[in-house]
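To start, the structure itself, in structure tokens.
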Amino acid sequence: MSGNHSSSVISARVRHVEALLEQRGLLEGGEIDRRIDEFAAGGTPANGARVVARAWIDPGFAERLLTDANAALPELGLSMSGGLQEQRLKVVANSAEEHNVVVCTLCSCYPIALLGPSPGWYKSEAYRSRVVRDPRGVLAEFGVELPAATRISVWDASAESRYMVLPRRPEGTGSLSEEELAGLVTRKGLIGTALV
Amino acid sequence: MSTRTDRFAPGDRVRTRSLDPDGHTRLPRYARGAVGVVVEPAGVHPLADDRARGRTGNPQTVYHVRFPAAELFGAGDHSVTVELWEDYLTPVEEDP
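Those sequence lines, one after another, are chains A and B. Its first residue numbered -5, the first sequence is counted upward by one per residue in this note's numbering. Its first residue numbered 4, the second sequence is counted upward by one per residue in this note's numbering.
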């Protein structure tokens, strides 16, 4: 049985279904936890940060990443194929003219392989319902104040694709190594709720 | 790769259906009955509504479709891009 369940109705229902599936031999004990662990294995925002740092120093990689992220990820030993099927990844680049922010309004879809498990606020109804309607206001609450002329593009990851934001490279980082650049990139920066 | 023909191309204007089905759909309520522009096709997948009902579901193209916030919410200067199955979309004829 999966651990860490709260006492909510949905948790009780999931436990019940899991028990029935185990009783009928359709599921081994602990199988769901094991599958989830396998799916999440190696998933951390450090992966997304490596992708961003490479894109900052290698314009050719950046172009390949923005054109077909799934084809570009293997250059860094990464992929989106940890689940039952490979998920399409779309990387969206911030610029002076446009700021991107990602949400899943229907549930909590998220590129776990590149960002690790999603933060609690990403799954909250408040974030999911408000950021599509008033992204500028929500971003301000995250401490992100954008110039009025900067367009905001919200991406709703409610279907088959997953999204990652390519933040703008900060000024004055010309002398940093790829590894040092990766160290500047935060999880919120990869979702679009922070600048880097 | 699929050999099926996409019904819509980048730049096409489309209107989402305004159905309110019982049970699961991936057409978010806020994006129903709205006009947007196709950004790009994003693969071929069985309709999620069918799969949630235990049916196989015919594979069909899903598209990134971009909507102006004002079209969705009556206000706002941002855009929201939603990924939508072909069945959710109808063509919008350009004004003559």
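Where a beta carbon is used, it is the ideal one built from N, C-alpha and C, also for glycine. Computed from a predicted model, the values in this text were never measured in an experiment.
Which of helix, strand or coil DSSP assigns to Gly46 of chain B:
What you label residue 46 of chain B is simply residue 43 of the second sequence in a count that begins at 1. Strand, per DSSP.
Rounded to the nearest angstrom, how far is the Cβ of Thr59 of chain B from that of Ala37 of chain B, given a contact under 8 Å?
In the second sequence, the residue the question calls residue 59 of chain B occupies position 56. In the second sequence, the residue the question calls residue 37 of chain B occupies position 34. Rounded, the Cβ-Cβ distance is 29 Å, inconsistent with contact.
Quick one: residues in its chain with C-beta nearer than 6 Å to the C-beta of Leu100 of chain A, no 5 flanking neighbours on either side, listed in chain order?
Here the question's residue 100 of chain A lines up with position 106 in the first sequence. Taken in chain order, the residues that qualify are Ser152.
Count the other C-beta atoms from every protein chain shown that fall within 10 angstroms of the C-beta of Thr64 of chain B, then say buried if there are 16 or more, exposed otherwise.
Position 61 of the second sequence, counted from the start, is the residue given in the question as residue 64 of chain B. A residue is called buried once 16 or more other Cβ atoms fall within 10 Å of its Cβ, and Thr64 of chain B is buried on that count.
Is DSSP giving Leu189 of chain A helix, strand or coil here?
As a working mapping, residue 189 of chain A is identified with position 195 in the first sequence. DSSP places Leu189 of chain A outside both helix and strand once states are collapsed to three, so it counts as coil.
State the Cα-Cα distance for the pair Tyr104 of chain A and Ala49 of chain A, rounded to the nearest angstrom.
Here residue 104 of chain A refers to the residue found at position 110 of the first sequence. Here residue 49 of chain A refers to the residue found at position 55 of the first sequence. The straight-line gap separating the alpha-carbon atoms of Tyr104 of chain A and Ala49 of chain A is approximately 21 Å.
With a CB to CB cut of under 6 Å and the five nearest residues on each side skipped, what residues in its chain are close to Tyr121 of chain A?
The residue given as residue 121 of chain A occupies position 127 in the first sequence. For Tyr121 of chain A, where only same-chain residues beyond five positions count, the Cβ hits under 6 Å are Trp115.
Helix or strand or just coil, what does DSSP make of Thr61 of chain A?
Translated into positions along the first sequence, residue 61 of chain A becomes position 67. When secondary structure is reduced to three states using DSSP, Thr61 of chain A falls in the helix class.
Counting only Cβ pairs nearer than 8 Å, list the residues of chain A close to Pro31 of chain B.
In the second sequence, residue 31 of chain B corresponds to position 28, counting from 1. Residues of chain A passing the Cβ test: Thr99, Leu100, Asp150, Ser152.
On the three-pair Cβ rule with 8 Å, is the stretch 48 to 64 of chain A touching the stretch 168 to 180 of chain A?
By the C-beta criterion, the stretch 48 to 64 of chain A is judged to be in contact with the stretch 168 to 180 of chain A, since at least 3 inter-stretch pairs fall below 8 Å.
What's the C-alpha gap between Arg29 of chain B and Val41 of chain B?
As a first step, residue 29 of chain B is located in the second sequence; it is residue number 26 there, counting from the start. As a first step, residue 41 of chain B is located in the second sequence; it is residue number 38 there, counting from the start. So the alpha carbons of these two residues sit roughly 17 Å apart.
What separation, rounded to the nearest whole angstrom, lies between the Cα atoms of His10 of chain A and Gly57 of chain B?
Against the first sequence, residue 10 of chain A aligns to sequence position 16. Against the second sequence, residue 57 of chain B aligns to sequence position 54. Cα to Cα, His10 of chain A sits roughly 20 Å from Gly57 of chain B.
Supposed contact pair Ser147 of chain A and Ser82 of chain B - C-beta distance, whole angstroms, cut 8 Å
Along the second sequence, one-based indexing puts residue 82 of chain B at 79. Along the first sequence, one-based indexing puts residue 147 of chain A at 153. Contact annotation, Ser82 of chain B with Ser147 of chain A: C-beta distance approximately 5 Å; criterion of less than 8 Å satisfied.
Under a CB-based cut-off of 7 Å, is His81 of chain B close to chain A?
The residue given as residue 81 of chain B occupies position 78 in the second sequence. Chain A contact via Cβ: present.
Which two residues bound the contiguous beta strand (DSSP E) that contains Ser82 of chain B?
Taking the first residue of the second sequence as position 1, residue 82 of chain B is located at position 79. 82 to 88 is the extent of the beta strand (DSSP E) around Ser82 of chain B.
Quick one, which of A:Thr187, A:Leu60, A:Phe33, A:Arg127 has its alpha-carbon nearest Leu133 of chain A's?
Counting from one through the first sequence, the residue named residue 133 of chain A turns up at place 139. For the set A:Thr187, A:Leu60, A:Phe33, A:Arg127, the Cα lying nearest the Cα of Leu133 of chain A is the one of A:Thr187.
Output the distance between the C-alpha atoms of Glu97 of chain B and Glu89 of chain B, rounded to the nearest integer angstrom.
Sequence index remark: in the second sequence, residue 97 of chain B carries index 94 (1-based). Sequence index remark: in the second sequence, residue 89 of chain B carries index 86 (1-based). Using only the alpha carbons, I get a separation of about 19 Å.
Taking 7 Å as the threshold (C-beta atoms), are Leu184 of chain A and Gly42 of chain A in contact?
In the first sequence, the residue the question calls residue 42 of chain A occupies position 48. In the first sequence, the residue the question calls residue 184 of chain A occupies position 190. At a Cβ-Cβ threshold of 7 Å, Gly42 of chain A and Leu184 of chain A count as neighbours.
Using a C-beta cutoff of 7 Å, does His27 of chain B count as contacting chain A?
Here the question's residue 27 of chain B lines up with position 24 in the second sequence. It does not: the Cβ of His27 of chain B has no partner Cβ on chain A nearer than 7 Å.
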